[in-house]
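Everything below concerns the one structure shown next.
Residue numbers (our numbering), protein chains in the order written: chain A, 1435 to 1533; chain B, 28 to 666; chain C, 340 to 503.
Structure below.
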């Protein structure tokens, strides 16, 4: 399969993830969408690493995975805290910065 | 002869010196009478210099003494200085003489004034004399205009001398504004003329005019604009309305400014530039007709006045118009001659009226009567003045008036000639009405038409003079001869009137035209007829004044209301100013403020609408970012 | 068709399908499970791309760790289980349009690029190479990553404090 196939696959997953971020009401649902987007980025990186013969792409995939893990952990803990304070995790109701 | 220009200059500068001394040295001015002495001293010196200058310029001698004032591109734009020739030095003598006599007279007339006010009065008098001489001797239009405006200022200051009186304030403003209207035209004319001929200088322009080097296209408009200045200053219709109201000022001021000198500036200016106006005969025709019409109008109005000064004021308007008519006919020398003689006897009449007012304490003819018994000298000089004005032979006014009548006829203006003849009759009539009512007739208790006139002409009689000595509608018991400071100028002027009259009778000047033989008898006859009618009506009471007035019904009513000309002006002014200010207010409220209010309202609304973009939800912002990225990508791909 | 192509298409279908399920399921818990499947599919893609180490890391950390965390979070917070999709998602139409548009543009961009015809040879021991590269060429990001982990750890401890 050519590079373009993998890139296209990554693009599809990215857009699906973006759709999820934009539409999900639950904050955890939004985080799920973000996971998908980050995943697609990883696919992109590895595909480029493979087809350009450079291992750098894979190295950065390791990095992004680590960062994603940290981000997911902290993000979810914030969601839990938010739930404790505001008794809700519905994104619609988190509009304290409303102008 | 060298230094002749300096004599004229000296005459001018002596008055300037007096003005500066009095203006700067405030303690001296506040002393009152000493300030007057300073001013009179300078005036006497000025008169001596003026007479010497006149003798030196008899004939064709011309002296031009100028200094460069405004430079322009290597040449000179305007100069200041003196242009002394036969006419200007003669006028200079008149100005100096009347100024001196009036200043001496004022010592007596204003002896009740507070010293600071008296000092102020003499400061203004000196300034006026200086400005008038600057006007007379002006070598170019620039200095002429500047001095023109200066004399207008002095007129304002002196009319409003008793500034605590509202009537005086109004009159001073009215005079200023009305003459200003004419001056606008004058200035426009001067500038246009400069562009047309390339110079302001009178001597240069005269050379150009006499060589035919001035293009005639459009010249009529310019001379007409210049004539407008004379219309304002010399009180021609319709800008004549300020002169009667100017009688609110002290009587010596009226004698100097509104009889002999300032108002004659217009006539003098036209005479000075007669070679220019000769190039535009159409404008001269307008001058002649307007002059004749104004003369008639003013003479009619003079017949119904109850205030002695107003009679004289309308008489001045009428006589100025006589001079204008002569200029319009093309013989400005006749007008100038009448200017000189009129200056003498009108000043005499005013000063005499001042003596009467001083004695009786009122301006109204109804408060006077039989004054000849108590004030014989005043009566004598006043009658001499009246006879001069009427144009009786052997006195000053006779020859000049006849010259004017002859000039209008010789110029081909038959209509104005007939009008002026009627005016001659009326002049004699109204003047002797005053003479008889004031000096010789028995005072009448509340005469019918005079009372009605008083009620109608309320404006003219609304002011109260300095002291009202109780007596009304019967002989003033406290009337007395004026003091020597007032009598002396009166006798000087009276003797001059007689002297000039006799001189002209003996040494008949060469007229520029030939008058028909029947002119003199008719002129004298109309004068005598007017005197006769006045005698019959007011002295003998053979004719009832009321029925005489009623015979002219509508004209009489109109005359009492000054033919509503003042009302027209006032209405137009109010409508114009009020209407314009309402328009401006509307524009300010609805257009200027409106635009601003609309803009601010739009800003607020736009802000409110844009505010909804900040929903506070992070998801919406992500949505916005995604849309933005999409747009950018689309633009990069397809843009 | 070669095995690679077949495997690719199979993995692609699994991945895309489970991704769609993640964003469209009404039950949030089911969404997490579908995410696990998607992550596993990604690991399969990595294997296909001859990145075995990464496939292992993916499965360990992603499919194992993150999914677990998510499940915990769902359990602790209020569960949102709706009968209709509108209760779990909003602005579906506009989002779909934007996402689709973006996808179209991305695919178009990708399709217009030139690609190397044959993939070059990968170095033999990939894991060793990755390890060496990390600790030599990219040691700075590595250390920074450690700092990040530390910060995350401290944050998590802070969040986990009981309310005083």
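Even for Gly, the Cβ is constructed at its ideal location relative to N, Cα and C.
Notebook entry, point to check: Are the Cβ atoms of residue 164 (chain B) and residue 111 (chain B) separated by less than 8 Å?
Noted result: yes
Item checked: Spatially closest choice to residue 167 (chain B) from B:220, B:157, B:45 and B:130, by CA coordinates -> B:220
Check: For residue 476 (chain C), does the count of other Cβ atoms within 10 angstroms reach 16, so buried, or fall short, so exposed?
Finding: exposed
Margin query: Quick check on the burial criterion: 16 or more other C-beta atoms within 10 angstroms. Buried or exposed for residue 1532 (chain A)?
Written below: exposed
Margin query: Does the CB of residue 430 (chain C) have a neighbour CB from chain E at under 8 Å?
Written below: Here the protein chains are A, B and C, and chain E is not one of them.
Item checked: Beta-carbon proximity check, residue 1468 (chain A) vs residue 1480 (chain A), cutoff 8 Å -> no
Next item on the list: Check the DSSP bridge columns for residue 334 (chain B) and list the partner residues they point to.
Entry: B:391
Note to self: Please identify the residue among B:613, B:80, B:104 and B:109 whose C-alpha is closest to the C-alpha of residue 93 (chain B).
What the structure shows: B:109
Checklist line | N- and C-terminal bounds of the alpha helix (DSSP H) containing residue 442 (chain C) | finding: 431-451
Next item on the list: Report all residues from its chain with a CB closer than 6 Å to the CB of residue 282 (chain B); omit the five preceding and five following residues, and keep chain order.
Entry: 129, 374, 377 and 378
Margin query: Using C-beta distances below 6 Å, list every residue in its chain close to residue 1472 (chain A), excluding the 5 sequence neighbours before and after it, in chain order.
Written below: 1502
Next item on the list: Output yes if chain B places a C-beta closer than 8 Å to the C-beta of residue 444 (chain C); else output no.
Entry: yes
Next item on the list: Note the first and the last residue of the continuous alpha helix (DSSP H) segment covering residue 170 (chain B).
Entry: 168-186
Next item on the list: Assign residue 665 (chain B) to buried or exposed, taking buried as 16 or more other Cβ atoms, counted over all protein chains shown, within 10 Å of its Cβ.
Entry: exposed
Margin query: Just checking: is the beta-carbon of residue 389 (chain C) within a distance shorter than 8 Å of some beta-carbon in chain A?
Written below: yes
Checklist line | Span of the beta strand (DSSP E) around residue 300 (chain B) | finding: That residue, residue 300 (chain B), is in no beta strand (DSSP E); it is neither H nor E in DSSP.
Note to self: Strictly by DSSP, which residues pair up with residue 1460 (chain A)?
What the structure shows: A:1524
Notebook entry, point to check: Got a sec: is the Cβ-Cβ distance from residue 653 (chain B) to anything in chain C below 8 Å?
Noted result: yes
Notebook entry, point to check: So is residue 668 (chain B) in contact with chain C if we call contact Cβ pairs under 8 Å?
Noted result: Coverage of chain B is limited to positions 28 through 666, which leaves residue 668 (chain B) absent and any answer about it impossible.
Item checked: Short CB-CB distance (under 8 Å) between residue 1525 (chain A) and chain B -> yes
Check: Using 8 Å as the limit for Cβ to Cβ distance, is residue 1498 (chain A) near chain C?
Finding: no
Checklist line | C-beta atoms of residue 1476 (chain A) and residue 1524 (chain A) nearer than 8 Å | finding: no
Item checked: contact_flag[the segment 316-323 of chain B, the segment 260-273 of chain B] where n(CB pairs < 8 Å) is 3 or more -> yes
Notebook entry, point to check: Distance, Cα to Cα, residue 498 (chain B) vs residue 399 (chain B)?
Noted result: Only weak support exists for where residue 498 (chain B) lies, its pLDDT of 32 falling under 50; the value from the coordinates is given anyway. In a straight line, the C-alpha of residue 498 (chain B) is about 17 Å away from that of residue 399 (chain B).
Check: Who are the Cβ neighbours of residue 404 (chain B) in its own chain at under 8 Å, not counting the five residues just before and after it?
Finding: 508, 514, 517 and 518
Checklist line | Where the alpha helix (DSSP H) through residue 587 (chain B) begins and ends | finding: 580-587
Margin query: Spatial neighbours of residue 284 (chain B) within its chain, please: C-beta separation below 6 Å, excluding the five flanking residues on both sides.
Written below: 182
Notebook entry, point to check: With 16 as the cutoff for other CB atoms within 10 Å, does residue 303 (chain B) come out buried or exposed?
Noted result: buried
Notebook entry, point to check: Looking at the C-beta of residue 649 (chain B), does it have a partner C-beta in chain A at a distance below 8 Å?
Noted result: yes
Margin query: Using the Cβ count rule (16 or more neighbours within 10 Å means buried), how would you classify residue 34 (chain B)?
Written below: buried
Checklist line | contact_flag[the segment 454-471 of chain B, the segment 329-347 of chain B] where n(CB pairs < 8 Å) is 3 or more | finding: yes
Notebook entry, point to check: Quick one: does residue 664 (chain B) have its CB under 8 Å from some CB of chain C?
Noted result: yes
Note to self: Can you check whether the C-beta of residue 1471 (chain A) is within less than 8 Å of a C-beta belonging to chain B?
What the structure shows: no
Next item on the list: Starting from residue 660 (chain B), find everything on chain C with Cβ-Cβ shorter than 7 Å and list it in chain order.
Entry: 444
Notebook entry, point to check: Cα separation between residue 174 (chain B) and residue 227 (chain B)?
Noted result: 15 Å
Notebook entry, point to check: From residue 498 (chain C) to residue 663 (chain B), what distance separates their C-alpha atoms?
Noted result: 44 Å
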